[in-house]
Amino acid sequence: MQSRFEGKVAIVTGGAGGIGAAICEQLATEGAIVIVCDLDIASANMLVKQLLDKGLKAEASETDIANKQACQSLVADIINRHGNIDLLANNAGINRRGDLLSLEDSDWLMSFDVNIHSMFYLCQAVLPHMIKAGGGAIVNTASQWGLHPAPSHIAYNVTKAAVAAFTQNLARDYAPKKIRVNAVCPGEIHTPMLEHGVIRSGRTIADLDAMVPYGRIGKPNEVAALVAFLMSDEAAFMCGSLVEITGAQAVA
Ligand SMILES: NC(=O)c1ccc[n+]([C@@H]2O[C@H](COP(=O)([O-])OP(=O)(O)OC[C@H]3O[C@@H](n4cnc5c(N)ncnc54)[C@H](O)[C@@H]3O)[C@@H](O)[C@H]2O)c1
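Residue numbers (numbering that gives the first Met the number 0): 0 to 251.
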């Protein structure tokens with residue numbers, strides 16, 4: 000295995016979830032010190048233990064990324080203990096179902112807090128340190144649905160479109176400082192989030208597999224490999240890219 004991230008310090012939000020855990024494992028396997036940041040501290044601790052048992056470097060942090068102060072404290076604590084933050088995966092997200100007339104105000108507001116305001120808070124806290132260090136890499140998890148809206152998910156689709164626009168704006172403003180900001184836009188990926196959606200809709204994983212031209216939905220480690228590539232020096236000239244990873248699926 001290559002070690003593209005030896006000694007680098009990485010924050011992964013939603014690090015205990017499906018895609019997040021795969022990103023943590025990939026970065027840690029390649030030498031990074033990974034901060035597994037999640038509301039679900041029990042799962043974060045479990046993942047950290049698994050990584051430590053393999054001789055990798057990881058820490059858990061119980062942080063609500065929808066809270067600006069919590070984001071600032073997380074970053075200040077990491078800087079105090081490690082001196083820098085090289086990599087940031089803004090991966091945590093929630094998916095509240097509903098069209099305009101059925102969605103509760105609280106679901107609309109919470110979708111913005113978790114899916115996009117968190118990125119504003121964390122990037123604002125992290126960027127000064129990356130600038131001081133002479134560079135860094137940020138990968139935001141958007142969604143295919145932010146580019147091509149799926150029906151009856153207005154809060155999710157709009158916030159993920161905002162993630163795409165945020166990514167392009169940040170990339171444009173900070174590329175001169177050698178900070179690369181990119182986004183991944185996954186289609187259907189087999190995670191706890193997807194399983195909840197499948198149960199709600201009365202469909203099965205096999206139904207979803209059949210809708211993907213490649214023949215199956217995606218796996219968390221396939222998204223993690225793309226995130227790691229975008230964070231690595233191999234992607235040195237990629238800034239502001241929105242990379243779809245969908246198995247050629249059109250939104251249905
Ligand atoms: N699974 C898919 O099909 C799919 C497709 C496209 C995009 N995505 C995006 O990928 C990302 C990861 O999704 P997933 O499928 O792994 O979901 P998941 O539900 O398995 O994981 C999300 C994680 O985020 C954490 N989280 C939620 N709110 C938080 C908060 N306020 N503070 C800190 N942590 C919080 C959860 O505890 C959970 O561990 C999300 O942004 C999601 O929108 C997923």
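Even glycine gets a Cβ: it sits at the ideal position worked out from N, Cα and C.
This structure is a prediction, so every number in the text was calculated from the model and none was measured.
Strand pairing of E58, partner residues [DSSP]: I34
Check whether K56 and A27 have beta carbons under 9 Å apart: yes
Contact test: L229 Cβ vs ligand 1 heavy atom, cutoff 8 Å: no
Residue of A75, V157, D98 minimising C-alpha distance to C122: A75
Inter-residue CB distance, E88 and T12 (contact presumed, cutoff 8 Å): Note on identity: in this sequence residue 88 is Ala, with Glu being the wrong assignment. That pair is a contact at about 7 Å.
Bounding residues of the beta strand (DSSP E) (the contiguous stretch that carries T12): 8 to 12
Collapsed DSSP secondary structure at R199 in the structure displayed: helix
Cβ neighbour criterion (16 or more within 10 Å) applied to F165: buried
Cut-off 7 Å between Cβ atoms - residues of its own chain near R199, not counting five sequence neighbours on either side: R96
Heavy atom of ligand 1 within 8 Å of W107 beta-carbon: no
Nearest residue (CA-CA) to V138, options E58, V125, E187, H195: V125
Buried or exposed by the 16-neighbour rule on C-beta atoms within 10 Å, applied to L86: buried
Beta-carbon proximity check, I18 vs P175, cutoff 9 Å: no
Check whether Q248 and C184 have beta carbons under 9 Å apart: no
Continuous beta strand (DSSP E) stretch holding G135: start and end: 135 to 140
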